[in-house]
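Chemist:
Residue numbers (our numbering): 3 to 141.
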């Protein structure tokens, strides 16, 4: 999947701050499973749903869901809130907006971490090769 890992990491933090791969929580419909809290009712058509507790398959399902939501809603807050509740996101409820706010805060936190890591990596590489950061390969 071509989903930005920062987005998936933000979902991970929004859905399962304790990082419990075995988390199973009741939901309005079905149950939410694993790190990404994949819903057993809304995602029952997914091939790997039985393995949603496994980090790889949970991330795969989360990435597929995000791609679908982005196609349906465009690059909007509703696409990101639809991960939590497609119906509430479509209706634009205040609960969906609060979910998006939490997700966005986590995304900004993760993006900052990724930027610091990239900066440190580029500095280490330039020290090793003698290149300046501006000469380093771009993403």
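Where is the CB? At the ideal position from N, CA and C, for every residue including glycine.
Note that the structure is predicted; figures quoted are calculated from it, not measured.
For residue 19 and residue 25, what's the separation of their Cα atoms in angstroms?
Modeler: 11 Å
Chemist: Taking the straight line between their C-alpha atoms, what separation do you get for residue 77 and residue 45?
Modeler: 21 Å
Chemist: For residue 116, which residues from the same chain have a beta carbon less than 7 Å from its beta carbon, with the 5 sequence-adjacent residues on both sides left out?
Modeler: 8
Chemist: For residue 145, write down the residues that DSSP places opposite it in a beta bridge.
Modeler: The structure shown does not extend to residue 145, since the chain spans only 3 to 141, so no value can be given for it.
Chemist: Thinking C-alpha only, which one of 41, 14, 94 is nearest residue 107?
Modeler: 14
Chemist: What residue ranges within the segment 61-126 form continuous alpha helix (DSSP H) runs of no fewer than 4 residues, ordered along the chain?
Modeler: 79-83, 88-93
Chemist: Within this structure, are the beta carbons of residue 61 and residue 38 separated by less than 8 Å?
Modeler: yes
Chemist: Just curious, the alpha helix (DSSP H) that residue 8 is in, first and last residue?
Modeler: 7-17
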